[in-house]
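Since the structure comes first, as structure tokens, the remarks are kept for the end.
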Amino acid sequence: MLNIVLFGPPGAGKGTQSEKLIQKYGLVHLSTGAIFRQNIKDGTSLGKLAKEYIDRGDLVPDELTIALLQAEVAKHPTSKGFIFDGFPRTTEQAEALDEFLNGKNMPITMMVALEVDEDELKVRLLERAKTSGRSDDADIDIIQSRIETYKQKTAPVANFYERQDKFHSINGEGSVETISERLVAAIHAFN
Ligand code: AMP
270 MLNIVLFGPP GAGKGTQSEK LIQKYGLVHL STGAIFRQNI KDGTSLGKLA KEYIDRGDLV
330 PDELTIALLQ AEVAKHPTSK GFIFDGFPRT TEQAEALDEF LNGKNMPITM MVALEVDEDE
390 LKVRLLERAK TSGRSDDADI DIIQSRIETY KQKTAPVANF YERQDKFHSI NGEGSVETIS
450 ERLVAAIHAF N
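Be aware that the sequence shown starts at 270, since it is given in this note's numbering, and climbs by one per residue.
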């Protein structure tokens, strides 16, 4: 089983690279952000709650996000593995994910981080806003607060995997193909 946490700030390319990896390795792509957006679109009570946080560039509370993630994993009992995209975003989420997956005997294989310069992130997100329809991509103040949230709450999650010797980071700038090749090389080095 291959369980990869794809890590990095907003706009690092996690979604794009996840698509490449699921094709190559036949994995299930789990993006908590995408699941929240689907709930918002469907008008569910979870979507209404999550929207308040997402619109501010804040994180949705851990308890809610962890329960959502666990329910999604449970929907794919025969999966060859998962790409976790945008989860875990706090150390509490990382601890809960470890406990949950270890209990199922399907531990995280590795975390790979995409390193991208902050100015480049802002350019990418504003560009993406033109087609994504995401209001959190279209406003520079919300982008800034997502980046700050990442620095304060999410970046420390890398230490959690470093302590387990499961952390690897790659240069996330360049063409989609080049970055994908770097990712595949990092995964092979770990397996
Ligand atoms: P993303 O699509 O990964 O950029 O996520 C969009 C937004 O959804 C984030 O800015 C958060 O508000 C929320 N979100 C996504 N994943 C998580 C998570 N693991 N924990 C808390 N909030 C999340």
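Where a beta carbon is used, it is the ideal one built from N, C-alpha and C, also for glycine.
>> Here's the rule: buried if 16 or more other CB atoms are within 10 angstroms of the residue's CB, otherwise exposed. What is Pro-279?
In response: buried
> Quick one: Cα of Thr-418 to Cα of Ile-323, how far?
Replying inline: 11 Å
>> Quick check: what's the CA-CA separation for Ala-454 versus Arg-325?
In response: 36 Å
> Measuring CB to CB, does Phe-305 end up less than 8 Å from Gly-316?
Replying inline: yes
> Where Gly-350 and Gln-339 are concerned, what is the direct C-alpha to C-alpha distance, given to the nearest angstrom?
Replying inline: 14 Å
> Which runs of the beta strand (DSSP E), 3 residues or longer, sit entirely within the stretch 346 to 410?
Replying inline: 350 to 354 and 379 to 384
>> For Asp-354 and Lys-420, which I take to be in contact (beta-carbon distance under 8 Å), what is that distance rounded to the nearest angstrom?
In response: Wrong, their Cβ atoms sit about 19 Å apart, outside the cutoff.
> When the distance is taken between beta carbons, is Val-274 closer than 8 Å to Thr-359?
Replying inline: no
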